[in-house]
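> Numbered according to numbering that gives the first Met the number 0, the sequence shown terminates at residue 168, and the numbering increases by one at each position without gaps. Built from N, CA and C at the ideal position, the CB exists for glycine as well. Got a structure for you, written out below as C-alpha cells; questions coming shortly.
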Amino acid sequence: MSMSSLKYLSGYPASVLDQVSAAISAKTLGQFLLKKYPDTHNIKTNKALYAYVMEVKNQNLRQSSPLSKVVYDDKLDVLHNALGLHSYVSRVQGSKLKAKNEMRIGSVFKTAPIAFLNMIVVHELAHLKEKDHNKAFYKLCTHMEPDYHQLEFDVRLYLTHLDLFGDLY
0 MSMSSLKYLS GYPASVLDQV SAAISAKTLG QFLLKKYPDT HNIKTNKALY
50 AYVMEVKNQN LRQSSPLSKV VYDDKLDVLH NALGLHSYVS RVQGSKLKAK
100 NEMRIGSVFK TAPIAFLNMI VVHELAHLKE KDHNKAFYKL CTHMEPDYHQ
150 LEFDVRLYLT HLDLFGDLY
C-alpha cells in the first residue's frame, strides 16, 4: 500500500499504517466502519446544520463569539485541503468595521455518521477560542467531545475508504 493512498493518515506510527493497509487489502475497512458507525445522520440542509452547531456551541462555548453563518461547502476539501473551515470575516459597513465568524463544513459530512459530523463541528468551534492547533486547542476539543482523538482517527479512516472505494452509506 503506497503512502499516497494513506494521505489522511500521515504522521501515524508504521504499526497503525500496517493495520490499515491490511484492512484495505482485505477489503474490510468499510465493514469495520459500518459495524462501528452503522447509521448516518439526517442533518442535510444548511438550516439544520446551523441549528445543530448552535446547540453544540450553546452546550460548550456559551461565552464565545457568535456565529453568523454555518454552511455545508462542497468545494471545501478540494480548495482548502480541509474538512471544515472557520473564518473571521471583516467587512466595512458605512463607518463601522463589522466582524463575523463563519463556519464551513465539507459536504462529505452530509452523508457521514453523526459522530463524524460532531467531531468536525467541535474542531471548528474550538477555533472560536483557540486559533492554532496547540495543546489548549486539543484540550478544548476533548472537553467538548471526550472521544475526539478516536473520532478524528476514524474520520481519517472514513476519508481513506471514500478515496479508495467510494461511498460507504
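Compare the C-alpha of residue 62 against each of 164, 167, 53 and name the closest.
53
> Straight-line CA distance for residue 150 to residue 117?
9 Å
> For the alpha helix (DSSP H) holding residue 46, just list the boundary residues, first then last.
45-59
> Among residues of its own chain, excluding the 5 on either side of residue 115, which ones have a beta-carbon nearer than 8 Å to its beta-carbon?
36, 108, 150, 153, 154, 157
> Report the CB separation of residue 74 from residue 124 in whole angstroms; it is logged as a contact under 8 Å.
So it is not a contact: roughly 21 Å between Cβ atoms.
> Can you check DSSP and say which residues form a bridge with residue 68?
When DSSP reads this structure, residue 68 sits in a beta bridge with 101.
> For residue 168, does the count of other Cβ atoms within 10 angstroms reach 16, so buried, or fall short, so exposed?
exposed
> CA-CA distance, residue 72 and residue 43?
In a straight line, the C-alpha of residue 72 is about 12 Å away from that of residue 43.
> Indicate the three-state DSSP secondary structure (helix, strand or coil) for residue 25 in the structure shown.
coil
> Suppose you measure from the CA of residue 60 to the CA of residue 25; what does that come to, to the nearest Å?
Distance from the CA of residue 60 to the CA of residue 25, rounded to the nearest whole angstrom, comes to 43 Å.
> Can you find the residues in the same chain that come closer than 8 Å, C-beta to C-beta, to residue 5, ignoring five residues on each side of it along the sequence?
16, 19, 20, 159
> Applying the criterion that 16 or more other CB atoms from any shown protein chain within 10 Å of the CB defines a buried residue, is residue 171 buried or exposed?
For the chain, the structure presents residues 0 to 168; residue 171 sits outside this window and is missing.
> Would residue 136 pass as a contact of residue 144 if the rule is Cβ separation under 9 Å?
no
> Measuring straight from C-alpha to C-alpha, what distance separates residue 7 and residue 65?
As the crow flies, the alpha-carbon of residue 7 is around 31 Å from that of residue 65.
> Measure the C-alpha to C-alpha separation of residue 32 and residue 47 and round it to an integer number of angstroms.
25 Å
> In whole angstroms, what is the alpha-carbon distance linking residue 103 and residue 111?
16 Å
> Whose C-beta lies closer than 7 Å to the C-beta of residue 147 among residues of the same chain, with five residues either side of it excluded?
118, 121, 140, 141
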